[in-house]
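**Q** I'd like to ask some things about the structure below.
Protein chains: 8
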Amino acid sequence: MLLENGSKLVMIGDSVTDCERARPVGEGLFEGIGRSYVSVVAGLLDFAYPDARLRVVNMGTSGDTTRNLVARWQTDVLDLAPDWVSVMIGINDVWRQFDSPLLTEQHVLLDEYEKNLETLVSSTLPHTKGMILISPYYMEPNAADPMRAAMDRYGAAMARVAAAHKLPFVDTQAVFNEKLRHVHANAIAWDRVHPNSKGHILLAAAFLNAVGFEWPK
Amino acid sequence: MLLENGSKLVMIGDSVTDCERARPVGEGLFEGIGRSYVSVVAGLLDFAYPDARLRVVNMGTSGDTTRNLVARWQTDVLDLAPDWVSVMIGINDVWRQFDSPLLTEQHVLLDEYEKNLETLVSSTLPHTKGMILISPYYMEPNAADPMRAAMDRYGAAMARVAAAHKLPFVDTQAVFNEKLRHVHANAIAWDRVHPNSKGHILLAAAFLNAVGFEWPK
Amino acid sequence: MLLENGSKLVMIGDSVTDCERARPVGEGLFEGIGRSYVSVVAGLLDFAYPDARLRVVNMGTSGDTTRNLVARWQTDVLDLAPDWVSVMIGINDVWRQFDSPLLTEQHVLLDEYEKNLETLVSSTLPHTKGMILISPYYMEPNAADPMRAAMDRYGAAMARVAAAHKLPFVDTQAVFNEKLRHVHANAIAWDRVHPNSKGHILLAAAFLNAVGFEWPK
Amino acid sequence: MLLENGSKLVMIGDSVTDCERARPVGEGLFEGIGRSYVSVVAGLLDFAYPDARLRVVNMGTSGDTTRNLVARWQTDVLDLAPDWVSVMIGINDVWRQFDSPLLTEQHVLLDEYEKNLETLVSSTLPHTKGMILISPYYMEPNAADPMRAAMDRYGAAMARVAAAHKLPFVDTQAVFNEKLRHVHANAIAWDRVHPNSKGHILLAAAFLNAVGFEWPK
Amino acid sequence: MLLENGSKLVMIGDSVTDCERARPVGEGLFEGIGRSYVSVVAGLLDFAYPDARLRVVNMGTSGDTTRNLVARWQTDVLDLAPDWVSVMIGINDVWRQFDSPLLTEQHVLLDEYEKNLETLVSSTLPHTKGMILISPYYMEPNAADPMRAAMDRYGAAMARVAAAHKLPFVDTQAVFNEKLRHVHANAIAWDRVHPNSKGHILLAAAFLNAVGFEWPK
Amino acid sequence: MLLENGSKLVMIGDSVTDCERARPVGEGLFEGIGRSYVSVVAGLLDFAYPDARLRVVNMGTSGDTTRNLVARWQTDVLDLAPDWVSVMIGINDVWRQFDSPLLTEQHVLLDEYEKNLETLVSSTLPHTKGMILISPYYMEPNAADPMRAAMDRYGAAMARVAAAHKLPFVDTQAVFNEKLRHVHANAIAWDRVHPNSKGHILLAAAFLNAVGFEWPK
Amino acid sequence: MLLENGSKLVMIGDSVTDCERARPVGEGLFEGIGRSYVSVVAGLLDFAYPDARLRVVNMGTSGDTTRNLVARWQTDVLDLAPDWVSVMIGINDVWRQFDSPLLTEQHVLLDEYEKNLETLVSSTLPHTKGMILISPYYMEPNAADPMRAAMDRYGAAMARVAAAHKLPFVDTQAVFNEKLRHVHANAIAWDRVHPNSKGHILLAAAFLNAVGFEWPK
Amino acid sequence: MLLENGSKLVMIGDSVTDCERARPVGEGLFEGIGRSYVSVVAGLLDFAYPDARLRVVNMGTSGDTTRNLVARWQTDVLDLAPDWVSVMIGINDVWRQFDSPLLTEQHVLLDEYEKNLETLVSSTLPHTKGMILISPYYMEPNAADPMRAAMDRYGAAMARVAAAHKLPFVDTQAVFNEKLRHVHANAIAWDRVHPNSKGHILLAAAFLNAVGFEWPK
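If you read the sequences in order, they're chains A, B, C, D, E, F, G and H. Using my numbering, you'd call the opening residue of the first sequence number 1 and step up by one each time. Using my numbering, you'd call the opening residue of the second sequence number 1001 and step up by one each time. Using my numbering, you'd call the opening residue of the third sequence number 2001 and step up by one each time. Using my numbering, you'd call the opening residue of the fourth sequence number 3001 and step up by one each time. Using my numbering, you'd call the opening residue of the fifth sequence number 4001 and step up by one each time. Using my numbering, you'd call the opening residue of the sixth sequence number 5001 and step up by one each time. Using my numbering, you'd call the opening residue of the seventh sequence number 6001 and step up by one each time. Using my numbering, you'd call the opening residue of the eighth sequence number 7001 and step up by one each time.
Here you go:
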């Protein structure tokens, strides 16, 4: 598996990541890690690699876009001295364009999104063993839906950044596309974004598969 | 206009209607009428017909299906002695089939839905001047979406009941279909059901047009 | 209509405007626009001009007088770069003189009121397409009541400022005078100031008429 | 003074009387008597007649009309075995006709009001030393205001009942009429009904004068 | 009466004065004056002198000693530009010596108390029309009780300061001594300090008598 | 010591005993025993007799008089099948006579008090190994104070009942009398009744001495 | 896998199972399933068998012993018509013997425990496809600890019942014994009972292994 | 006894000491001393030495390690000018190593612990009459448990510091070891650290014995 024994993984993102994590740092006693897929990732790693001493930290913040991540990256990622960093970001970069179409100052357009991602990655790789990029998603099966289409473009931008740096890329849109073949989006998330506990397990599994997690037999 | 001076209109439904209305009866001091389209209907009627003395009562209850309406119809509608009754119902009859697909005891299938509607209408018409049926809706522009398709079938069932009794029928799905040509569903309702204040004004206008409301010049 | 497609309207005022608007800026998700006439204005504009992309922002603050508006005008109006600005102010300038007669430091007398209005208008017009002045009111049908008489003088002062700058002027006192011919003031506002939802619709309609809103047919 | 040493006075009414009194009986430790004029009456009696051992009980209930008093009279007055009973009632009998004109089932018309008062008085006098009737009021100086005019008619009805039984009658409308010659109604009560602490002292003084209270020299 | 029409009276003290007064200044709408004797004083003045336009401000702060008053005197008294100032202080100067005998840093001994009072008075008189000194008290009838005896010494010190400056002095200990001839201290204050509403009326009456209040006939 | 290994002691009383004990039975996890002297008794017994397996239950209820104890004795004492029962009661029997002198229906006079105690004792002794009676008290050093004098009479009545049945009697008034030679009553209880934690330790020690507790060496 | 497509699994137990599940039935919208291992079981089943339509219901209740389960079995299990039932019970049967040694009425001794389990199983098997028994545990590595030793005996009793009926038996004590070889008990549960999210994943995995869950490759 | 009449004792520590003590200084009215063993120490001293005028201050802070004490020692101990200082510290220095094994920045290893203690002691002794060191403990009877073994090493380190400075040393581990011969750890503390009220009495008694407290006879 990608994550070596004793390494430290910081997982950053928006409200899908956050889910009541502790402040200022999302780890430690009293479920400081929060209740999102990050907690499932930490639990399954601990279950499958009981000797690995992997440290997982949740640094998600509700509402964040790449613009917010750039602003808090030094204190919230680099200062924590992680070995590995995962980033799931982009949903709000897109969402505001559709739920608040007139508040254009809140929109992070595709060019800026890709540039912000590039900034995050290039400033981090020199100080870490690596990064894992996790795509934004929209639980909308209709690929012609404008917001779904935009999200696909943002996901593709992230994939480009990942490819340019040869980083693992987790395609969560593909995960939910597959899931939506079995159930309606309403069975996972009323707003097609914030997953229930079943959806968080899907996200955790997708991340784990991307880092070479070995499932029990 | 359909509603005569001095008449009393009871508007019943689910959470789209409810919106913090007073209990046990949704009218009176301290905004007992709640904050949904019902309040907008009452306000616009009062604005346009200052002498009409129209009494508007909100009897919506969050989560209700037609099955719930049948159960509380006597106390919540007939006992209030209305002249006119509007019913906006069916969203939850359909929604539970998609957000809780395994909890089948919560599903109200199409046959029961139409039968329940028929029961409500036929038990009410003898005691009132008339009813207005307001269709359920789903703010999903993709008509091939299974939940949207189901909602269309339920709306059609309500239209059949309305036609059979020659009642005004408000096609809210058509209202939102038109609206979704201009903005994405997320700009009205994150869950494609519960509208923001702009959406409630659309619902109110659709209802008013159906009862022959005369807009100011 | 006065408001061009794509323009931005900031509506500022006191508690009649405020009504739970978001801070620091009253717009955006989760009904940031609040629950006053501003929300009705935004909704009716959106209903009647679905393509207009009009942006409406609520900047009301409970308790404010013109003195408060002068103090926060730069950050709360000019910094938002509006195309249009509406101001409904003056009720508290007058009210404190009658409910707190001995606390004279809280009273904004007529001269200062008119001067403050002039300051607001003259500092704003060069940066915007225009302003709409909305009169203060007191839902008191007896024109001989001293507070009603004072409010009439303040409204006249606002009308003078509007006339001097050729701005649309919304005479809300006239709106409520007409309304009070049909119902007692207690049916709209127990304190003759803070309207219920019906009263907010009257205010919204008066504003819309002043900007050339075209009602549906 | 009318109230003999050692006697027990029950003061009943609506929200003007209630003001956070204890339940089920408004007296005893922890300011069970509430914060209305009843507390001022008890305090001034105690101050002026330190040996009198007068027991004062507050049985006001917010929102009550004479119809409510008739319903709870046995448990809330007669079962307490008072020597004296004061009743201040009628504001809500009138108010609902003006703030909720369409909710006619909440209106207590003049005939019923007078009949209810007569019922209260005639069922009480045989069991007590006497009653004091306290008029309803509306802090509206304009006698032509319809609600003020109605309140005057209700006050006159109460005066008739008092006269028929030769009971002391406290004309609170006259008290506030005099007061309104000095300040605007807003300086006592924003809604012209619920007085501030200064207004409660006026009510207490009026009651005390009616029972022959001797002010200190 | 001592207080001329149109004058402003600031009443400062400890928790007996405070009683939920508004911050930073205890006056104005929503019972900013609090619920202590200060409110009764203002109400009785308003009742007896309806034309006097007397402004009464409550600046009490729970727990205060003379040491605290010295520290906040400039902002809380002088900056308010009063015509008259009343001070009821000393209970906590004494109480801490008895309820917290070992926390000597909280004790304000007699010499400091008198010196602090002198400081307050001499710094205030040049800027005002006068002051009224209100003694501390302890509702303990046994003059040999050590805390009562101490309170008597502090009251005597205040009387000396009042006499030196020829200021009215309100002897509240005498008021309660007289009251305790009729009822036990527990009927006024469980802790022999914080009075119930009856006790506050006694305090208000004592103050009013000291300023030449004319009771109604 | 009086309490045999393995025995169960129920300690009943008023608010001095209660102090946040669990309902319906004051024992068990999460400090169900409350925070009064009962908890100290249980802790010191457990400390000094680690093998004794003594079960201590707190059944105090705030505000209770002997009249209340008679009413709940079957469910709250006898049904718990105690080996030993302690009763500390009488403070409220007396207090209401002094803090609520006019509410005579709340007063439990001396005769009734003694009769109630006799009822409690005689109905309990046949079913238990014994009872311990704990006197009421008033932390008032002046024996001439009327409430203190009354409390002494009630304590004497309890002593008579104890003597008649040869029961241990804990004279808490004597405990506090001795304590008040060293500090003022305010250092233990602002209201001279509800002790601070130091006072509860005094009560616990007095009880323990009465049952032959052997202090460590 | 043991659980057929379309079957319904009710998982009952104590606080380890409960974890904020919905009342009266722990399933449905808004995470009605709670946050315990039950939620993880449902999520992993959904992830691995997307077509299985398995319905999982959480019926845990904090504090329960087998005695409580017997009492609520009809309404909380049988009335739900499950296909499969899992039971994790016994921790509180044992714990009360050690944390509340004197409250013997709360202790469920080994014989009763085994008899209660037998009752639950034999009354359920005729109506279901089968049951899975999940042992109680205590995260105490020292097998000589009396509470751990007792828990082992209770676990063995459950194993006997499972064997007698040929039911799958999940040995959670063995799971945690293995885990405690890697970390101290404090890293999973401060009280050695209530697991953090990592511990719940261990419990879920043990259950899934017992029902033949096939992990992804 | 070690503590002279009139001396001041500051007791500092972690959550076992803290228990709701007042901020910033844990003493004074309203149980500022908190509810831990500190309160029992103060109460028993007051009971046994009624003339001693001993002042006891609780300066515990939940979660603290020796590292935290070093940081706040000047303001929280030396600035209070104590005669005597007790320190119970070390539980969190050890605990974090076992409940948060990967968060090594929170671990205070043995060397640092001993050095910190030495710093506290050597900086304090010149300014006080003496210190009492109270060992950390873990209510785990199995001496082979790694956390218990670590706690023993920390306790031994504290004993070394105490011996080097000839200070009284309270061996709380020995106290609980003895107690655990009679009951299971769960009967005192579910987490083997935070004692119930019985456990606090054991701690208080151990401290008192160490300072030569003379128990009553």
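Backbone N, C-alpha and C fix where the C-beta goes; we use that ideal spot for every residue, glycine too.
Excluding sequence positions up to five away, which residues of its chain have a Cβ less than 7 Å from the Cβ of residue 181 (chain A)?
**A** Mapped onto the first sequence, residue 181 (chain A) falls at position 181. Here the set comprises nothing.
**Q** Shorter than 8 Å from the beta carbon of residue 1100 (chain B) to some beta carbon of chain G?
**A** Against the second sequence, residue 1100 (chain B) aligns to sequence position 100. Chain G contact via Cβ: present.
**Q** For residue 2107 (chain C), count neighbouring C-beta atoms within 10 Å of its own C-beta (all shown protein chains included) and say buried if the count is 16 or more, exposed if not.
**A** Position 107 of the third sequence, counted from the start, is the residue given in the question as residue 2107 (chain C). It counts as buried.
**Q** Answer with yes or no whether the minimum CB distance from residue 176 (chain A) to chain G is below 8 Å.
**A** As a position in the first sequence, residue 176 (chain A) is number 176, starting the count at 1. Chain G, which has no Cβ nearer than 8 Å to the Cβ of residue 176 (chain A), makes this no.
**Q** Could you tell me which residues DSSP pairs with residue 86 (chain A) in its beta bridges?
**A** Position 86 of the first sequence holds residue 86 (chain A). In the DSSP output, where bridge partners are listed per residue, residue 86 (chain A) has A:11 and A:132.
**Q** Report yes if the C-beta distance between residue 1041 (chain B) and residue 1056 (chain B) is below 8 Å; otherwise report no.
**A** The count along the second sequence starts at 1 and reaches residue 1041 (chain B) at position 41. The count along the second sequence starts at 1 and reaches residue 1056 (chain B) at position 56. Yes. Within cutoff.
**Q** Hey, does residue 7139 (chain H) have any beta-carbon neighbour from chain G nearer than 8 Å?
**A** Within the eighth sequence, numbered from 1, the residue matching residue 7139 (chain H) stands at position 139. No, because no Cβ of chain G sits closer than 8 Å to the Cβ of residue 7139 (chain H).
**Q** Check whether the Cβ atoms of residue 7129 (chain H) and residue 7084 (chain H) sit closer than 8 Å, and answer yes or no.
**A** Translated into the one-based positions of the eighth sequence, residue 7129 (chain H) becomes position 129. Translated into the one-based positions of the eighth sequence, residue 7084 (chain H) becomes position 84. Cβ distance < 8 Å, so residue 7129 (chain H) and residue 7084 (chain H) count as in contact.
**Q** Using only the alpha-carbon positions, how far apart do residue 2078 (chain C) and residue 97 (chain A) sit?
**A** In the third sequence, counting from the first residue as 1, residue 2078 (chain C) sits at position 78. In the first sequence, counting from the first residue as 1, residue 97 (chain A) sits at position 97. In a straight line, the C-alpha of residue 2078 (chain C) is about 24 Å away from that of residue 97 (chain A).
**Q** Can you find a C-beta in chain D that's less than 8 Å from the C-beta of residue 5273 (chain F)?
**A** Residue 5273 (chain F) lies beyond the range of chain F shown here (5001 to 5217); nothing can be said about it.
**Q** Find out if the Cβ-Cβ distance for the pair residue 15 (chain A), residue 194 (chain A) is shorter than 8 Å.
**A** Start at 1 with the first residue of the first sequence, and residue 15 (chain A) comes out as number 15. Start at 1 with the first residue of the first sequence, and residue 194 (chain A) comes out as number 194. Going by C-beta atoms, residue 15 (chain A) is nearer than 8 Å to residue 194 (chain A).
**Q** Would you say residue 7064 (chain H) and residue 7089 (chain H) are within 8 Å of each other, going by their C-beta atoms?
**A** For the purposes of this step, residue 7064 (chain H) is identified with residue 64 of the eighth sequence, where counting begins at 1. For the purposes of this step, residue 7089 (chain H) is identified with residue 89 of the eighth sequence, where counting begins at 1. Taking 8 Å as the Cβ cut-off, residue 7064 (chain H) and residue 7089 (chain H) qualify as a contacting pair.
**Q** Only counting the same chain, and skipping five residues up and downstream in sequence, which positions put a Cβ closer than 6 Å to that of residue 114 (chain A)?
**A** Locating residue 114 (chain A) in the first sequence gives position 114, counting from the first residue. Here the set comprises 157.
**Q** First and last residue of the alpha helix (DSSP H) that includes residue 2055 (chain C)?
**A** As a working note, residue 2055 (chain C) is residue 55 in the third sequence. Not the alpha helix (DSSP H): residue 2055 (chain C) falls in the beta strand (DSSP E), residues 2055-2058.
**Q** From the DSSP output, in three-state form, read off residue 32 (chain A) for me.
**A** Locating residue 32 (chain A) in the first sequence gives position 32, where the first residue counts as 1. If DSSP states are grouped into helix, strand and coil, residue 32 (chain A) belongs with coil.
**Q** Just to confirm my understanding: we take residue 6136 (chain G), look at its own chain, exclude 5 residues before and 5 after, and list those with CB closer than 8 Å. What are they?
**A** The residue you call residue 6136 (chain G) lines up with position 136 of the seventh sequence. Taken in chain order, the residues that qualify are 6088, 6089, 6090, 6091, 6093, 6094, 6151, 6154, 6155, 6158, 6172 and 6173.
**Q** Using a C-beta to C-beta distance shorter than 7 Å, which residues of chain G count as neighbours of residue 7183 (chain H)?
**A** Reading the eighth sequence from its first residue, position 183 is the one you call residue 7183 (chain H). Under the 7 Å cutoff, chain G gives 6101.
**Q** Whose CA, out of D:3105, D:3126 and D:3187, lies closest to the CA of residue 3081 (chain D)?
**A** Along the fourth sequence, read from residue 1 onward, the residue named residue 3081 (chain D) stands at position 81. The shortest Cα separation from residue 3081 (chain D) among D:3105, D:3126 and D:3187 belongs to D:3126.
**Q** Residue 83 (chain A) CB to nearest chain G CB: under 8 Å?
**A** Within the first sequence, numbered from 1, the residue matching residue 83 (chain A) stands at position 83. Closer than 8 Å: no.
**Q** Based on DSSP bridge pairs, tell me the residues matched to residue 6170 (chain G).
**A** In the seventh sequence, counting from the first residue as 1, residue 6170 (chain G) sits at position 170. According to DSSP, residue 6170 (chain G) bridges with G:6134.
**Q** Output needed for residue 162 (chain A): all residues of its chain with C-beta closer than 6 Å, excluding positions within five of it in sequence on either side, in chain order.
**A** One-based indexing of the first sequence puts residue 162 (chain A) at position 162. Contacts found: 133 and 169.
**Q** Interface residues of chain E around residue 7028 (chain H) at Cβ under 7 Å?
**A** Position 28 of the eighth sequence, counting from 1, holds the residue named residue 7028 (chain H). Here the neighbours are 4100 and 4103.
**Q** Is DSSP giving residue 6220 (chain G) helix, strand or coil here?
**A** The structure shown does not extend to residue 6220 (chain G), since chain G spans only 6001 to 6217, so no value can be given for it.
**Q** With residue 7199 (chain H) as the anchor, note down where its alpha helix (DSSP H) starts and where it stops.
**A** To locate residue 7199 (chain H), count along the eighth sequence from 1; it is residue 199. Counting along the chain, the alpha helix (DSSP H) containing residue 7199 (chain H) begins and ends at 7197-7210.
**Q** Is residue 1203 (chain B) near residue 1037 (chain B), with beta carbons less than 8 Å apart?
**A** As a first step, residue 1203 (chain B) must be located in the second sequence, where it is residue number 203. As a first step, residue 1037 (chain B) must be located in the second sequence, where it is residue number 37. Contact flag set, yes.
**Q** Using CA atoms only, rank isn't needed, just tell me which of A:149, A:6, A:13 and A:139 is closest to residue 67 (chain A).
**A** The residue given as residue 67 (chain A) occupies position 67 in the first sequence. For the residues A:149, A:6, A:13 and A:139, the minimum Cα distance to residue 67 (chain A) belongs to A:13.
**Q** Just to confirm, is the Cβ distance from residue 1026 (chain B) to residue 1059 (chain B) under 8 Å?
**A** Within the second sequence, the letter at position 26 stands for residue 1026 (chain B). Within the second sequence, the letter at position 59 stands for residue 1059 (chain B). For residue 1026 (chain B) and residue 1059 (chain B), yes; Cβs fall inside 8 Å.
**Q** Can you say whether residue 1039 (chain B) is buried or exposed, counting buried as having 16 or more other CB atoms within 10 angstroms of its CB?
**A** Translated into the one-based positions of the second sequence, residue 1039 (chain B) becomes position 39. The residue in question, residue 1039 (chain B), is buried, as its Cβ has 16 or more Cβ neighbours within 10 Å.
**Q** By a C-beta neighbour count over all protein chains shown, 10 Å radius and 16 as the cutoff for buried, is residue 2214 (chain C) buried or exposed?
**A** As a position in the third sequence, residue 2214 (chain C) is number 214, starting the count at 1. Exposed is the call here.
**Q** So is residue 1017 (chain B) buried or exposed if we call it buried at 16+ other beta carbons inside 10 Å?
**A** Within the second sequence, the letter at position 17 stands for residue 1017 (chain B). Its Cβ being crowded by 16 or more others within 10 Å, residue 1017 (chain B) is buried.
**Q** Would you call the CB atoms of residue 53 (chain A) and residue 6 (chain A) closer than 8 Å?
**A** Translated into positions along the first sequence, residue 53 (chain A) becomes position 53. Translated into positions along the first sequence, residue 6 (chain A) becomes position 6. Contact: yes.
**Q** In this structure, how does DSSP classify residue 26 (chain A) when only helix, strand and coil are distinguished?
**A** As a first step, residue 26 (chain A) must be located in the first sequence, where it is residue number 26. DSSP places residue 26 (chain A) in strand when its eight states are reduced to three.
**Q** For residue 1075 (chain B) and residue 1008 (chain B), what's the separation of their Cα atoms in angstroms?
**A** To locate residue 1075 (chain B), count along the second sequence from 1; it is residue 75. To locate residue 1008 (chain B), count along the second sequence from 1; it is residue 8. When rounded, the distance between both Cα atoms is 16 Å.
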